[in-house]
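Novice: Sharing a structure here in structure tokens format.
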Amino acid sequence: MAFFQYFMSDKLVLATTGARVVTAEEEPRLHGIIERLVAIADMPKPKKIAVMDTHVPNAFATGRNPKNAVIAVTRGLLNRLNERELEAVLGHELAHVKNRDVMVLTWASVIVIAAGFLLQMLFWITLFGGFGGGHGGGGRRDMGQLMIIMLAVYVGTMLIMTLSRYREFAADRGGAVITGSPLQLASALQKISNDMYRIPEKDLRKVEHASAFFIIPALKGNAIATMFSSHPKVEERIERLQEMQRSMERSS
């Protein structure tokens, strides 16, 4: 499944999100900004550029490498952000592509997937007494093994979430380097985040399956959701971008 996801990620995401590939004639503004940014970043233009027909403002990137990348934005994002903010968001998504984040996270997830299969196998073997007859010392030993694998799966999942959050910070920084405007990305993140809390739950549920790909998850967060989120807190991201802006001003 992990290998299939890796090689088919662009087609899978487009199919599940309903994003439609658009030409330069259909969306000249969007194509123009991306062409300008890839020239600055010295990278190939993404193979496909798509628009997701929803008023929820967001964007995502996928694809196993820069030559097979897809950049998609929602109609809500195009309508909500100004030119500089849209440029900043697209810079963030291009940084994901340049950093090959789909490849990194897919390979990391293989560990958790393998541990999950081990957990299922050991659970059924333990349940039917495959080790030690399912009682006495053997049963306790088997249950101990089951608990160890459960803990390993939990720790592995948390490590992948931590890695994903780190990659988001890296994409924020990489996008800000491409555009030279950390505060524009901070402004865009603030706008998108604020809009999430004003959008009805039923509308967010329609796009929540794509939350892991979005620049900001289409969720109204709580403590549990934050702990297992693939993205850092928006406030932390904005703070880092503001510090980056101050650092750039001091060095200029």
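Residue 656 in my numbering is what sits at position 25 of the sequence shown, and the numbering runs on without skipping anything. For each residue, glycine too, the CB sits at the ideal point set by N, CA and C.
#1: Any C-beta of chain C sitting closer than 8 Å to the C-beta of Val784?
#2: Of the residues Ile779, Leu717, Met683 and Tyr785, which one's Cα is nearest the Cα of Ala807?
#3: What first and last residue would you give for the beta strand (DSSP E) that runs through Ile702?
#4: Do Ala719 and Gln873 have their C-beta atoms closer together than 8 Å?
#5: Taking C-beta to C-beta, are Ile728 and Pro659 nearer than 8 Å?
#6: Taking DSSP as the reference, what is the three-state secondary structure of Thr693?
#7: In its own chain, which residues sit with a C-beta less than 6 Å from the C-beta of Ala843, not counting the 5 before and 5 after it?
#8: For Val687, which of Gln876, Arg871 and Glu839 has the nearest alpha-carbon?
#9: If we call anything under 8 Å between Cβ atoms a contact, is Val669 one with Leu725?
#10: Return the Cβ separation of Pro697 and Glu799 in integer angstroms, given the expectation that the two are a contact with Cβ distance under 8 Å.
#11: Relative to the C-alpha of Val784, which residue among Ser795, Ser818, Ile809 and Phe748 is closest?
#12: Contact check, Ala650 vs Ala703 under 8 Å by CB: the rounded distance?
#13: How would you write the range of the alpha helix (DSSP H) that Val669 sits in, first residue to last?
#14: Please classify Pro831 as buried or exposed, where buried requires at least 16 other C-beta atoms within 10 Å of its C-beta.
#15: Flag this pair as yes or no: are the beta carbons of Leu661 and Ala690 separated by less than 8 Å?
#16: Is the Cβ-Cβ distance between Ser824 and Ile791 less than 8 Å?
#17: Suppose you measure from the CA of Ser883 to the CA of Pro675; what does that come to, to the nearest Å?
#18: Which residues mark the beginning and the end of the beta strand (DSSP E) in which Lys679 is found?
#19: Measure how close the beta-carbons of Arg711 and Thr685 come, nearest whole angstrom, since I'm counting them as under 8 Å.
#20: Excluding the 5 residues flanking Asp834 on each side, which residues of the same chain have their C-beta closer than 8 Å to its C-beta?
#21: Restricting to runs no shorter than 4 residues, where is the alpha helix (DSSP H) found entirely within the segment 708-736?
#22: DSSP on Val687, reduced to helix/strand/coil?
Specialist: Put simply:
#1: Checking the listed chains, one finds no chain C in this structure; it contains a single protein chain.
#2: Leu717
#3: Val701 to Thr705
#4: no
#5: It should be pointed out that residue 728 corresponds to Val in this sequence rather than to Ile. Not closer than 8 Å, so no.
#6: strand
#7: Ser861
#8: Glu839
#9: yes
#10: That pair is no contact at about 19 Å.
#11: Phe748
#12: 4 Å
#13: Pro659 to Ala672
#14: exposed
#15: no
#16: no
#17: 30 Å
#18: Lys679 to Met683
#19: Their Cβ separation, rounded to whole angstroms, is 12 Å, which puts Arg711 and Thr685 out of contact at 8 Å.
#20: Thr685, His686 and Val687
#21: 714-729
#22: coil
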